[in-house]
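Asks:
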Amino acid sequence: MEGLLAALDLTDTGARTSEDIFTGPSQWMPQGRVFGGQVLAQSLVAAIRTVPDERHVHSMHGYFLRPGDVNHPITFSVDRIHDGRSFSTRRTQAYQNGVPILSMIASFQDQDEGLEHHIEMPTDLPDPESLPTTADTLGHIDHDFARAWANDRPFDMRHVPSSIYLTVDGEHTSKQMIWMKTFEAIPDDPDLHRAALAYVSDYSIMEPVMRRHGLAWATPGLKVASLDHAMWWHRFGRVDEWMLYVQDSPSAQGGRGLSTGSIYSRDGLLLATVAQEGMVRVPKPRD
Numbered sequence: 020m021e022g023l024l025a026a027l028d029l030t031d032t033g034a035r036t037s038e039d040i041f042t043g044p045s046q047w048m049p050q051g052r053v054f055g056g057q058v059l060a061q062s063l064v065a066a067i068r069t070v071p072d073e074r075h076v077h078s079m080h081g082y083f084l085r086p087g088d089v090n091h092p093i094t095f096s097v098d099r100i101h102d103g104r105s106f107s108t109r110r111t112q113a114y115q116n117g118v119p120i121l122s123m124i125a126s127f128q129d130q131d132e133g134l135e136h137h138i139e140m141p142t143d144l145p146d147p148e149s150l151p152t153t154a155d156t157l158g159h160i161d162h163d164f165a166r167a168w169a170n171d172r173p174f175d176m177r178h179v180p181s182s183i184y185l186t187v188d189g190e191h192t193s194k195q196m197i198w199m200k201t202f203e204a205i206p207d208d209p210d211l212h213r214a215a216l217a218y219v220s221d222y223s224i225m226e227p228v229m230r231r232h233g234l235a236w237a238t239p240g241l242k243v244a245s246l247d248h249a250m251w252w253h254r255f256g257r258v259d260e261w262m263l264y265v266q267d268s269p270s271a272q273g274g275r276g277l278s279t280g281s282i283y284s285r286d287g288l289l290l291a292t293v294a295q296e297g298m299v300r301v302p303k304p305r306d
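Here the sequence shown is numbered in this note's numbering, starting from 20 and rising by one per residue.
1) Would Pro173 pass as a contact of Gly297 if the rule is Cβ separation under 8 Å?
2) Checking 8 Å against the spacing of the C-beta atoms, do Ile124 and Leu216 come in under that value?
3) By how many angstroms is the C-alpha of Leu150 removed from the C-alpha of Leu157?
4) Comparing C-alpha positions only, which one of Ser270, His253, Pro269 sits nearest to His137?
5) Quick check: the stretch 232 to 241 against the stretch 176 to 184, are there 3 or more CB pairs under 8 Å?
6) Please classify Tyr218: does DSSP put it in a helix, a strand, or coil?
7) In its own chain, which residues sit with a C-beta less than 6 Å from the C-beta of Asp188, not counting the 5 before and 5 after it?
8) Which two residues bound the contiguous beta strand (DSSP E) that contains Ala271?
9) On a CA-only basis, which of Met140, Tyr82, Thr111, Val53 is nearest Asp39? Give me that one, please.
10) Buried or exposed: which applies to Trp168, given that a residue is buried once 16 or more other Cβ atoms fall within 10 Å of its Cβ?
11) How about the stretch 132 to 148 and the stretch 73 to 84: do they share at least three Cβ pairs that are nearer than 8 Å?
12) Look at the Cβ atom of Gln272, then the Cβ atom of Arg230, and state whether they are nearer than 8 Å.
13) Indicate the three-state DSSP secondary structure (helix, strand or coil) for Val243 in the structure shown.
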């Protein structure tokens, strides 16, 4: 948790051109590449710093341009594209070594009244407390990835019906669900919870593509990388309370897979919708 909160506590450099400039640290990852959810959440925090307190993010669209290096900090430049009567629009570019690694645009809105509905959360699910943790599944494995996923992630992730870390058990379907929350309570700042939700939304969103084709994370030679990420915040929810991430993959083709997700509070309120396309490459069998 300390690493997550430190990563989201950006430094205002005080520098001003036509844009606002912030810097943030990179969290260690075993493969040396910055976690996409981290840079998404940091880019959102940078944009939040430039809008009025009464306006909150309702949508974000980002493109991953280059892999980030965990050995270097990240610089964020925010372009204040537009401020209207009810909405504000911001573009954030994340840089390392002078080149962009992510480009994101986000929209913010004042609180407003309007029509209300949302799709219902699935029912008849096992309680999260009854499901195995990632540490239960990977904690005994002496491998950098296994140790990092089992012990270093700030979020408790519990799959329904089962994880695909080592094997894909049961039906090879494009659908799955995950109960998730932070291991520890985090401060009451609603924008911090929104940014942390963006962070965790990237962990598992490509897994429905993999599950559909029987590919576990442990598949030799498997390569998965996020290409773009879109997110819509509908209602506020705390990330330190159990949430259900309902995921599906409508299509995979051309070395790319598309996944969508709906995030609910434990009592069934739809908090956010996510969509991501990613590269999924599987080694061809040798003749």
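Even for Gly, the Cβ is constructed at its ideal location relative to N, Cα and C.
Replies: On the basis of the coordinates in this document:
1) Residue numbering aside, residue 173 sits at position 154 when the sequence shown is read from its first letter. Residue numbering aside, residue 297 sits at position 278 when the sequence shown is read from its first letter. Their beta carbons are not under 8 Å apart, which means Pro173 does not touch Gly297 by this criterion.
2) In the sequence shown, counting from the first residue as 1, residue 124 sits at position 105. In the sequence shown, counting from the first residue as 1, residue 216 sits at position 197. No, they are not a contact pair.
3) On the sequence shown, residue 157 is found 138 positions in, with the first residue counted as 1. On the sequence shown, residue 150 is found 131 positions in, with the first residue counted as 1. Rounded to whole angstroms, Leu157 and Leu150 show a C-alpha spacing of 14 Å.
4) As a first step, residue 137 is located in the sequence shown; it is residue number 118 there, counting from the start. Closest in alpha carbon position to His137, among Ser270, His253, Pro269, is His253.
5) As far as the Cβ criterion goes, the stretch 232 to 241 touches the stretch 176 to 184, which means the pair count is three or higher.
6) Sequence index remark: in the sequence shown, residue 218 carries index 199 (1-based). Helix, per DSSP.
7) Position 169 of the sequence shown, counting from 1, holds the residue named residue 188. Same-chain partners within the cutoff: Ser181.
8) Counting from one through the sequence shown, the residue named residue 271 turns up at place 252. That run of the beta strand (DSSP E) goes 262 to 272.
9) Here the question's residue 39 lines up with position 20 in the sequence shown. Out of Met140, Tyr82, Thr111, Val53, Thr111 has the C-alpha closest to the C-alpha of Asp39.
10) Counting from one through the sequence shown, the residue named residue 168 turns up at place 149. Sixteen is the threshold: when 16 or more other Cβ atoms of the shown chains lie within 10 Å of the Cβ of Trp168, as they do, the residue is buried.
11) Between the stretch 132 to 148 and the stretch 73 to 84, the count of Cβ pairs shorter than 8 Å is below three; the stretches do not touch.
12) Position 253 of the sequence shown, counted from the start, is the residue given in the question as residue 272. Position 211 of the sequence shown, counted from the start, is the residue given in the question as residue 230. Cβ distance not < 8 Å, so Gln272 and Arg230 don't count as in contact.
13) Indexing the sequence shown from 1 puts residue 243 at position 224. Val243 falls in the strand class under three-state DSSP.
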